[in-house]
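Using UniProt numbering, the first residue of the sequence shown is number 1, and each one after it goes up by one. Remarks on the structure that follows.
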Amino acid sequence: MSGIPSSPSSSAPLATGRSDGPSAHNRRHSRGQTTHINITAATDSAIQEPSEADLSLPMDSPTSANSNSNLVNDRVYFPYQPKSLAGIATRSFCLGIAVTIGVGATGATLLYTSSPLWRLPFFLAALATFHFLEFWTTAAYNTRAADVKSFLLTANWPGYAIAHGVATLECLLTNTFWPNRAWAPFGTGALLCLLGLALTAIGQVVRSVAMVQAGPSFNHLVQRQRSSAHVLVTSGIYGKFRHPSYFGFFWWALGTQMAMGNVVSFVAYAAVLWKFFSSRIKHEEEFLVKFFGQEYVDYRRRVGTKIPFVP
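Right, dumping it as structure tokens:
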């Protein structure tokens, strides 16, 4: 116990059972005689019951003496702040509900009806899964960069929301009023629908794997300055696609429109996404060449994007 001295000291004298003084005690001990030491007095004097003041918590508990500085650092986790834990929990909860409703409604529609409107809850489930994985992969493999914006729910607002809204409306109208229309040439509608489902799954997997393998080097924003954690990843999936996250989203988006049977939205998505990614890749690679020099030039020459007409 910390209240009991481990050796004799002037602050806690030891009693030998006899009052013949320290000199006599030392002489007997040197002759090999056994001395029985009574530590009762030491115990009584050294052990004290803690006072009520000792048991009370500090005013700034539980953050200790540095609570003020810690409070400032922790403020980013408060509601409505960039890393709001409440905001992250709320978004995750809502996305989980959306996935559950989407998957359940898709399955029920396919099992119990012949309606082509299963495509709407499928789109809801695909969207919710995409946005959840955007945050989860960032939080798991690029933790310091994870914040509320990592869900990408308001990215490129409002154009992003308008595009998905138009796609939903097109699917609803065409499959409600013209459910048996021949939207694909030569009766290939069913085949193109299956291809769209496959592209949606492949695109999602490629994008998520790219974020995992890049780790701290991945960012949702084009980086204008190289950080200490920024390295050029050329192995794994980056050995197959130069920008696998862009490849993944490009084909994921087109796959959803093929699965939904959206002719107009498919063409619009293809045009807008191609223009966006071709411009973004060109802009981003200017900085990558600056960061990595000839190493990136050689990598760019060796590995393509696999996005049509974007070398």
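Just so it is clear, CB atoms sit at the ideal spot from N, CA and C, and this is done for glycine as well. Remember, predicted model here, so these are calculated numbers, not experimental data.
- A check of alpha carbon separations from residue 198 across 92, 170, 169, 248 identifies 248 as the nearest.
- Between the segment 177-192 and the segment 229-249 there are fewer than three inter-stretch CB-CB distances shorter than 8 Å, so the stretches are not counted as touching.
- When the five nearest sequence neighbours on each side are left out, the beta carbons in the same chain lying within less than 7 Å of the beta carbon of residue 259 are those of 119, 122, 193, 196, 197, 200, in order along the chain.
- Under the three-pair Cβ rule at 8 Å, the segment 218-226 counts as touching the segment 283-290.
- Nearest neighbour of residue 92 by Cα position, chosen from 113, 150, 142, 210, turns out to be 150.
- DSSP places residue 310 in the strand class (E or B) of the three-state scheme.
- Taking all protein chains in view, the Cβ of residue 130 is crowded by 16 or more other Cβ atoms within 10 Å, so the residue is classified as buried.
- A check of alpha carbon separations from residue 142 across 275, 253, 211 identifies 211 as the nearest.
- If you ignore the 5 residues before and after residue 283, its C-beta comes within less than 7 Å of the C-beta of 222, all in its own chain and listed in chain order.
- Between the segment 153-165 and the segment 96-110, the count of Cβ pairs shorter than 8 Å is below three; the stretches do not touch.
- Here residue 209 has 237 as same chain residues with Cβ atoms under 6 Å from its own Cβ, once five neighbours each way along the sequence are excluded.
- For the pair residue 163 and residue 262, the CB atoms are not nearer than the 7 Å cut-off.
- The beta carbons of residue 117 and residue 175 sit closer together than 7 Å.
- In the structure shown, residue 155 adopts coil according to DSSP, grouped into three states.
- Counting other Cβ atoms within 10 Å of its Cβ, residue 76 stays below 16 and is therefore classed as exposed.
- By the CB criterion at 7 Å, residue 307 and residue 250 fall inside the cutoff.
- Restricting attention to 310, 303, 300, 301, the CA atom closest to the CA of residue 276 is found in 310.
- When the five nearest sequence neighbours on each side are left out, the beta carbons in the same chain lying within less than 7 Å of the beta carbon of residue 82 are those of 76, 147, 148, in order along the chain.
- About 11 Å separates the Cβ atoms of residue 106 and residue 115, ruling out a contact at the 8 Å cut-off.
- For residue 213, the CB contacts under 7 Å within the same chain, skipping 5 residues up- and downstream, are 233, 236, 237, 238 in chain order.
- If the five residues before and after residue 299 are omitted, its C-beta is found closer than 6 Å to the C-beta atoms of 234, all from its own chain and listed in chain order.
- For residue 267, the enclosing alpha helix (DSSP H) has its first and last residue at 263-292.
- Excluding residues up to 5 positions away in sequence, 243, 246, 305, 310 lie with their Cβ nearer than 7 Å to the Cβ of residue 281 in the same chain.
- Less than 7 Å divides the Cβ of residue 264 from the Cβ of residue 170.
- One Cα belongs to residue 203, the other to residue 177, and the distance between them is close to 31 Å.
- Following the DSSP letters along the chain, one finds residue 207 inside the alpha helix (DSSP H) bounded by residues 189-214.
- Note on residue 255: 16 or more other CB atoms within 10 angstroms of its CB, so buried under the neighbour-count rule.
- Each residue's CA atom was taken as its position, placing residue 74 and residue 152 some 23 Å apart.
- By the CB criterion at 7 Å, residue 145 and residue 138 fall inside the cutoff.
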